[in-house]
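Under my numbering, the first residue of the sequence shown is numbered 14, with each subsequent residue one higher.
Beta carbons are placed, not taken as given, at the ideal position from N, Cα and C, and that holds for glycine.
Accompanying notes for the structure given below.
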Amino acid sequence: MPKRMASGAGWRLGWQSEAEVFEGLVGGDRWAIELTGQELRDFCRLSLQLADTMTHMETELSDREKLTCTAATEMIRVEVTGYPQEFSLHAQLQVGRRAELDWAASSVPELIAAIKNLTADLNPT
């Protein structure tokens, strides 16, 4: 997969396999940061894990209970906060250059769908 870019309201996600160092890109409407291939793979995997956790927690919480879940690798920390059906996503790069990434709850469903599509291409079975 040479190059792939997707975007929607409040989010951007991209992959360019021929890039020397920074193969991935994540962003919002007014910001973006390039990620190494491993950072992007970790970001995608952790984001999907946390989205799945939020879905499973819906039956465990009352309608008014908010939840914060965090997952991390050595390179990146990802956090979701909100209700199981509506949550924001926040990430921090932890190695090398430092950055904080943030998506509003209104952007997250489309971003998660795009991550699923990209992950299928990054990790073919």
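Does the contact criterion of 3 or more C-beta pairs under 8 angstroms hold for the stretch 73-83 versus the stretch 109-117?
These segments do not touch.
Which residue marks the beginning of the beta strand (DSSP E) containing Ala104, and which one marks its end?
Start at 1 with the first residue of the sequence shown, and residue 104 comes out as number 91. Per DSSP, Ala104 belongs to the beta strand (DSSP E) from Glu99 to Leu106.
Taking only the alpha-carbon atoms, compute the straight-line gap between Trp24 and Ile89 and give it to the nearest angstrom.
Within the sequence shown, the letter at position 11 stands for residue 24. Within the sequence shown, the letter at position 76 stands for residue 89. Answer to the nearest angstrom: the Cα atoms are 18 angstroms apart.
By a C-beta neighbour count over all protein chains shown, 10 Å radius and 16 as the cutoff for buried, is Asp42 buried or exposed?
Locating residue 42 in the sequence shown gives position 29, counting from the first residue. Exposed, by the Cβ-count rule.
In terms of residue numbering, what span does the beta strand (DSSP E) encompassing Gly37 cover?
For the purposes of this step, residue 37 is taken as residue 24 along the sequence shown, with counting starting at 1. Start and end: Gly37 to Gly40.
Within 10 angstroms of the Cβ of Val108, are there 16 or more other Cβ atoms? Answer buried if so, exposed if not.
Mapped onto the sequence shown, residue 108 falls at position 95. Answer is exposed; the Cβ neighbour count stays below 16.
Which whole-angstrom value describes the C-beta separation of Ala104 and Phe35, a residue pair presumed to lie in contact below a C-beta threshold of 8 angstroms?
Residue 104 sits at position 91 when you count from the first residue of the sequence shown. Residue 35 sits at position 22 when you count from the first residue of the sequence shown. Not really, about 16 angstroms apart at Cβ, beyond 8 angstroms.
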